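Asker: Next up is a structure, given as C-alpha cells.
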Amino acid sequence: MIRVLLADDHQLVRRGLRQVLAQETDLKVTGEGANGQEIIELLDSGVEADVLLSDLNMPVMNGLELAKVVQDKYPEIEVILLTIQEEDSYIQQAFQAGIKSYIFKTAHEDELVFAIRQVARHQPYLCAGLSSNVIQRIATSPNVQSVTAEEIDFSEREIEVLRLIAAGFTNEEVADKLFTSKRTVEGYRQSMIDKTGSRNSLALISFAMRNGLLA
1 MIRVLLADDH QLVRRGLRQV LAQETDLKVT GEGANGQEII ELLDSGVEAD
51 VLLSDLNMPV MNGLELAKVV QDKYPEIEVI LLTIQEEDSY IQQAFQAGIK
101 SYIFKTAHED ELVFAIRQVA RHQPYLCAGL SSNVIQRIAT SPNVQSVTAE
151 EIDFSEREIE VLRLIAAGFT NEEVADKLFT SKRTVEGYRQ SMIDKTGSRN
201 SLALISFAMR NGLLA
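No gaps in the numbering here: position 71 of the sequence shown is 71 in UniProt numbering, and each next residue is one more.
Printed below as a string of C-alpha cells:
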C-alpha cells in the first residue's frame, strides 16, 4: 500500500484528488493540509507517508519550501509537485530541490496515478507535458557539468543499465534482467552519475536523452 499525503490550499482540489486516489486499491491518503506547515505538523505527529503530492503555490509554506523540509526531516518520503506553473524557472527550481516528479494540473488522472507509483519506487518521473527543450535545459543547468557523450567512456554494460533505468525499472529489476546483483547495478548507476557530473538519476536520464544514448 502506497501512503499519500496531499498539500493544496484549495479544499476542492484536495477533495478531487482524494476521489481519484480512492479508486486505486494500492493507494491510500493518510492526511492532507492547506499549506506546508500543516503537512509538517501532521508528519511530526506521527502520520506516515510514502509520497507527498504537493501544490507549488501555497500560503505560509509553499511547495518548494515544504519539499526541502521533508527531504531534511523525512528523507524516505518522495515528493511530487502538482501545479499549474509551466515556466522553465519553476520546473528547474523543483528539480534542483531534488523533487522526483513535476506534474501539471492539466495532466490526466491516469498519469498522476502512474507517477505516484513510479515515484514511490524511488524512480524519477517526468510529466508528459514537459517539452524536450525544458528537459535539456534542466540537464544543462549551472549545477550540472557541461559534458557530452563523446567525452565519456561508457561501457556496454553501463549503457544497458542506463536504458533500463530510463525505462523505469528499479535497481532490483535491472539486476534480475542482467543476472547480476542489486549492489552492482547501484555501482553502475553511481559511476554514470559521477562520469556525467549529474546531480541525480533524473539528470542522468536527461543527459542520456540529450545525447541519444537511449535509442
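Backbone N, C-alpha and C fix where the C-beta goes; we use that ideal spot for every residue, glycine too.
Every value quoted in this text rests on a predicted model; they were computed, and no experiment measured them.
Check whether the segment 59-71 and the segment 167-184 touch, using three or more Cβ-Cβ pairs below 8 Å as the test.
Answerer: Result no; under three Cβ-Cβ pairs closer than 8 Å.
Asker: Near Leu202, what residues of its chain come up, given a Cβ to Cβ distance below 6 Å and the 5 sequence neighbours on each side ignored?
Answerer: Closer than 6 Å at the Cβ level, and outside the excluded window around Leu202, lie Pro124.
Asker: Using a 10 Å radius around the Cβ and a threshold of 16 neighbouring Cβ atoms, would you call Asp50 buried or exposed?
Answerer: With 16 or more other Cβ atoms within 10 Å, it is buried.
Asker: Which residues in the same chain have their Cβ closer than 7 Å to the Cβ of Arg157, if we skip the five residues on either side of it in sequence?
Answerer: So the qualifying residues of the chain are Tyr188.
Asker: Quick one, are the C-beta atoms of Leu6 and Leu17 less than 7 Å apart?
Answerer: Yes, the Cβ-Cβ distance between Leu6 and Leu17 is below 7 Å.
Asker: Whose C-beta lies closer than 7 Å to the C-beta of Arg183 among residues of the same chain, with five residues either side of it excluded?
Answerer: Excluding positions up to five away in sequence, the list is empty.
Asker: Report the rounded CA-to-CA distance for Ser54 versus Gln190, giving the unit in angstroms.
Answerer: Whole-angstrom Cα-Cα distance: 29 Å.
Asker: Please state the DSSP three-state secondary structure of Ala120.
Answerer: Correct three-state label for Ala120: helix.
Asker: Would a C-beta distance cut-off of 7 Å place Leu204 and Arg163 closer than the cut-off?
Answerer: No, they are not a contact pair.
Asker: Rounded C-beta distance between Val119 and Ser101? I'm assuming under 8 Å.
Answerer: Confirmed, Cβ separation roughly 5 Å.
Asker: For Val60, which of Thr83, Thr106, Asp194, Glu41 has the nearest alpha-carbon?
Answerer: Here the closest residue by C-alpha is Glu41.
Asker: State the beta-bridge partners of Ala7 as determined by DSSP.
Answerer: Gly33, Ser54.
Asker: Runs of 4 residues minimum, wholly inside the UniProt domain "HTH luxR-type" (147-212): which ones carry the alpha helix (DSSP H) assignment?
Answerer: Complete alpha helix (DSSP H) runs here, min 4: 156-166, 171-178, 182-196, 201-210.
Asker: Around the Cβ of Arg15, are there at least 16 other Cβ atoms within 10 angstroms (buried) or fewer (exposed)?
Answerer: Looking at its Cβ environment, which holds fewer than 16 other Cβ atoms inside 10 Å, Arg15 is exposed.
Asker: Consult DSSP for Pro142 and reduce its assignment to one of helix, strand or coil.
Answerer: Only weak support is given to the placement of Pro142: the predicted model assigns it a pLDDT of 49, under 50, and the question is left unresolved by the model.
Asker: Spatial neighbours of residue 248 within its chain, please: C-beta separation below 8 Å, excluding the five flanking residues on both sides.
Answerer: Limits of the chain in this structure are 1 at one end and 215 at the other, which puts residue 248 out of reach.
Asker: Going straight from the alpha carbon of His108 to that of Ser155, what length do you get?
Answerer: Each residue's alpha carbon lies about 38 Å from the other.
Asker: Taking just the CA atoms, how far does Arg210 sit from Asn200?
Answerer: If I take the Cα positions, the gap works out to 16 Å.
Asker: Which whole runs of the beta strand (DSSP E) in the segment 60-85 are 3 residues long or more, in chain order?
Answerer: Runs found: 78-83.
Asker: With DSSP as the reference, please indicate the residues paired to Ile99 in a beta bridge.
Answerer: Beta-bridge pairing links Ile99 to no other residue.
Asker: When the Cα atoms are used, what is the spatial distance from Asp153 to Thr180?
Answerer: Each residue's Cα considered, the two are about 21 Å apart.
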